[in-house]
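Visitor: In the numbering used here, the protein residues as written are 235 to 439.
Even for Gly, the Cβ is constructed at its ideal location relative to N, Cα and C.
Below: one structure in structure tokens.
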Amino acid sequence: MVASRRPSLESTRKSVIEITATGMEAAVITRLKTTWDATSFDFLINNAGMGATVPFEQVSEELFDEFLNVHYKGVFFLTQKLLPHLNPGGGIVNISSGTTRFANPGYSVYASMKGATEILTKYWAKELGGKGLRCNVVAPGPVETDFNNAAIRSNPQMKERLASLSPLNRVGSAGDIGGVVAFLCTDEAGWINGQRIEVSGGINV
Ligand SMILES: NC(=O)c1ccc[n+]([C@@H]2O[C@H](COP(=O)([O-])OP(=O)(O)OC[C@H]3O[C@@H](n4cnc5c(N)ncnc54)[C@H](OP(=O)(O)O)[C@@H]3O)[C@@H](O)[C@H]2O)c1
Numbered sequence: 235m236v237a238s239r240r241p242s243l244e245s246t247r248k249s250v251i252e253i254t255a256t257g258m259e260a261a262v263i264t265r266l267k268t269t270w271d272a273t274s275f276d277f278l279i280n281n282a283g284m285g286a287t288v289p290f291e292q293v294s295e296e297l298f299d300e301f302l303n304v305h306y307k308g309v310f311f312l313t314q315k316l317l318p319h320l321n322p323g324g325g326i327v328n329i330s331s332g333t334t335r336f337a338n339p340g341y342s343v344y345a346s347m348k349g350a351t352e353i354l355t356k357y358w359a360k361e362l363g364g365k366g367l368r369c370n371v372v373a374p375g376p377v378e379t380d381f382n383n384a385a386i387r388s389n390p391q392m393k394e395r396l397a398s399l400s401p402l403n404r405v406g407s408a409g410d411i412g413g414v415v416a417f418l419c420t421d422e423a424g425w426i427n428g429q430r431i432e433v434s435g436g437i438n439v
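Next comes the structure, spelled out in structure tokens:
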């Protein structure tokens, strides 16, 4: 089950809900009721995010706040609001980034917010385990999406350079990431908790 600013819906074996902004609790509850006649759900995927390549010395307070709100504060408080609606046996997957492990110039704001979310995930794993919830991080490497103004897709030189950093010599696709997130939402992943799983083709290994 997916709720996002985009209207597309897809099914997974267990109900999965993807939230992309703060203040959506009521909309989520309405969607649960009208579409699935449910009042709770199994998995929350905090996926929303945007990129920008800005050298540290040029980062404005406005940009900092924007990244803070979307990548950290939104994740923190939306999850807090939706927690009562999460079913025991389910969990939370936070989407982070390979850039918390290796430094990519121009990504200081982005990566530090993602790093904060990774730490938060560990605390959730500890504090929410008693509710039967598993909390994990998926950290993608470069993926060819609309991210950062479709920087990878629209810049063949950048794509080639990033591909060369992986032993598999390519960048990631959305499917490379989605399959791992979907797996974390299955019973087979029931013993994975409090982990950061990097899905990056071994970039900068
Ligand atoms: N692509 C990469 O190379 C890469 C690498 C590492 C990590 N990631 C992470 O992967 C996640 C997904 O990114 P993607 O690659 O799929 O990028 P994408 O194609 O640009 O998708 C980003 C998603 O985030 C939503 N979003 C962006 N800004 C938002 C805002 N202010 N409020 C609410 N929703 C917002 C977008 O919603 P709309 O479509 O409605 O705008 C869209 O659904 C992000 O957390 C990103 O940081 C991506």
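Span of the alpha helix (DSSP H) holding P390?
Guide: P390 -> alpha helix (DSSP H) spans P390 to S398.
Visitor: Check G340 in the structure and name its three-state DSSP category.
Guide: Of the three classes helix, strand and coil, the one that applies to G340 here is coil, per DSSP.
Visitor: Would I326 and L278 be called neighbours here (beta carbons separated by less than 8 Å)?
Guide: Taking 8 Å as the Cβ cut-off, I326 and L278 qualify as a contacting pair.
Visitor: Would you say T268 touches ligand 1, meaning its beta carbon is less than 7 Å from a heavy atom?
Guide: Checking every heavy atom of ligand 1 against the Cβ of T268, none is found closer than 7 Å.
Visitor: Compare the C-alpha of G324 against each of A261, D299 and L367 and name the closest.
Guide: Selected option, being the one with the closest Cα: L367.
Visitor: Nearest CA to the CA of T334: which residue from M347, N328 and T420?
Guide: Ranking the options by Cα distance to T334, first place goes to M347.
Visitor: Whole angstroms are fine: how far does the CA of A286 sit from the CA of F298?
Guide: Roughly 11 Å between the two C-alpha positions.
Visitor: Flag V309 as yes when its Cβ comes closer than 7 Å to any non-hydrogen atom of ligand 1, and as no otherwise.
Guide: False, no ligand heavy atom lies under 7 Å from that Cβ.
Visitor: Given 8 Å as the limit, is there contact between the region 400 to 414 and the region 372 to 384, that is, 3 or more CB pairs closer than that?
Guide: A contact exists between the region 400 to 414 and the region 372 to 384.
Visitor: Give every residue of the same chain whose Cβ lies closer than 7 Å to the Cβ of M258, excluding the five residues on either side of it in the sequence, and list them in chain order.
Guide: Taken in chain order, the residues that qualify are L312.
Visitor: Assuming A359 contacts G332 (C-beta within less than 8 Å), just tell me the rounded distance between them.
Guide: The pair is not a contact, with the Cβ atoms about 20 Å apart (cut-off 8 Å).
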